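Novice:
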Amino acid sequence: MNKSEHIPYELLGKYFSGEASPEEAIAVEDWIAAAPEHRRLFEQTAGLWENAAGGQQHTLPDKAAVWQEIRRQLPGAAPLKTAAVRPGNGRLMAAAILLLICGASLYFLLHRTSAPAADWVSRQTTAGIFRDTLPDHSLAVINSHSAISYEKGLAGRNRLIRLKGQAWFDVTFNPGKPFIVEVGDIAVKVLGTAFNIQQKDSTIEVAVLNGSVAMMNSRNRLTVTAGQQGIYHAASGTFELVNAFNSNKMGYATRVFNFENTSLKDIAAQLEKAYGVTIRIADKKLENCAMSSSFENKPLDYIFEVISVTLNVQCRVEKDSVYINGEGCN
8 MNKSEHIPYE LLGKYFSGEA SPEEAIAVED WIAAAPEHRR LFEQTAGLWE
58 NAAGGQQHTL PDKAAVWQEI RRQLPGAAPL KTAAVRPGNG RLMAAAILLL
108 ICGASLYFLL HRTSAPAADW VSRQTTAGIF RDTLPDHSLA VINSHSAISY
158 EKGLAGRNRL IRLKGQAWFD VTFNPGKPFI VEVGDIAVKV LGTAFNIQQK
208 DSTIEVAVLN GSVAMMNSRN RLTVTAGQQG IYHAASGTFE LVNAFNSNKM
258 GYATRVFNFE NTSLKDIAAQ LEKAYGVTIR IADKKLENCA MSSSFENKPL
308 DYIFEVISVT LNVQCRVEKD SVYINGEGCN
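If you count by the working numbering, then the sequence shown holds residues 8 to 337, one letter each, in order.
1. Can you look up LEU99 in the DSSP assignment and give me helix, strand or coil?
2. Go ahead and pull the three-state DSSP assignment for ILE136.
3. Which residues does DSSP pair with PHE246 in a beta bridge?
4. May I ask you to verify whether the segment 213-223 touches the segment 182-201, counting CB pairs closer than 8 Å and requiring at least 3?
5. Span of the alpha helix (DSSP H) holding THR179?
6. Who are the near neighbours of GLN321 in its chain, counting only those whose CB is closer than 8 Å to its CB and skipping five residues on each side?
7. Touch check for the segment 237-257 and the segment 205-219: three-plus C-beta pairs under 8 Å?
8. Please tell me whether GLY335 and LEU293 are closer than 9 Å, where the distance is taken between their beta carbons.
9. Hey, how far is the Cα of PRO184 from the Cα of LEU198?
10. Considering PHE311, what are the terminal residues of the beta strand (DSSP E) in which it resides?
11. What separation, rounded to the nearest whole angstrom, lies between the Cα atoms of ASP126 and ALA162?
12. In the DSSP assignment, find the unbroken alpha helix (DSSP H) run with LEU293 in it and report its ends.
13. In angstroms with no decimal places, state the Cα-to-Cα distance between ARG323 and ILE310.
14. Look at the Cβ atom of SER328, then the Cβ atom of THR285, and state whether they are nearer than 9 Å.
15. What does a CB cutoff of less than 7 Å around LEU318 pick up in its chain, not counting 5 residues either side in sequence?
16. So the candidates are GLN173, GLU247, GLY160, ARG164; which of them puts its Cα closest to the Cα of LYS1?
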């Protein structure tokens, strides 16, 4: 069988027409990033594709005719019987060149396999938080009312995680096996880093504590580095980069908090998630007492000692419950 029959026209066509899945788009991005020559070739062939489509980048040329042109260009290839090629057809030639350059690098996509559902592990939370050490020793902290699933043993070509809701990941570095989180209609790819993903009704937010990640869909890509937040807008399919984020949003997983004039009610809500306790405030007026303080993975007893002194309250910790009463800020 001639190797031209293995060129993945469908996948390349889907990528350039904006119809590729996140996983397929990632494969293309990996090839581009592998060498400067790849990027140069990609940029050239992207231009050729646009010309081949008559200036419309998201239009596919006639498939049968393009295959005929490819076979004509390959030595020893038998002609296809499905279509004739008109001499000098620049659109077909451009598409053929594109396929020949990119096809080998994307060939493996045709042979990727999906594990049956029975071989996937699922973790789902209700009101609580679940901490899961993954098979590669990465840490996943799943926030309340969220879920992740992954192939048993993370045995696939990539370490693929599927997420619904919100989760924190501290990823073990492995350059040979990228860690990819699929959430909504985007994918987030990392090698080794710590970051938080929160899926909302109309956006997906990724905050990076250290390292960097790539957020991508079939048409766009955004690199987010430490201290930044990437926001995906589902309606438009576009990404936004913000050069700051609220570290308290990931405090449920990191137990790192920076409270700035924050009410006791809000502090209590975040500490309950992070430490798995129930906090009972005896007098409702105490809920509005505010304080500013930072805590970096401190013991719960220490945190409530600081709260007691700062807000003039008494805090009593009993197993999984904390009771707060006193005169307070008034």
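Every residue gets a Cβ at the ideal spot worked out from N, C-alpha and C, and that includes glycine. Just so it is clear, the structure is predicted and the values come from calculations on it, not from any experiment.
Specialist: If we stick to the structure as given:
1. Per-residue confidence for LEU99 stands at a pLDDT of 49, beneath the threshold of 50, marking its modelled position as unreliable; no derived number is given.
2. coil
3. Beta bridge pairing from DSSP links PHE246 with TYR239.
4. yes
5. From DSSP, THR179 is part of no alpha helix (DSSP H); its letter is neither H nor E.
6. SER315, ILE331, ASN332, GLY333
7. yes
8. The answer is yes: Cβ separation under 9 Å.
9. The residue you asked about is not Pro; residue 184 is Lys in the sequence shown. LEU198 has its alpha-carbon roughly 7 Å from the corresponding atom of LYS184.
10. From DSSP, PHE311 is part of no beta strand (DSSP E) but of the alpha helix (DSSP H) over 307-318.
11. 10 Å
12. Here LEU293 belongs to no alpha helix (DSSP H), and DSSP marks it neither H nor E.
13. 12 Å
14. yes
15. LEU271, CYS296, MET298, GLY335, CYS336
16. There is simply no residue 1 to check, as the chain begins at 8 and stops at 337 in what is shown.
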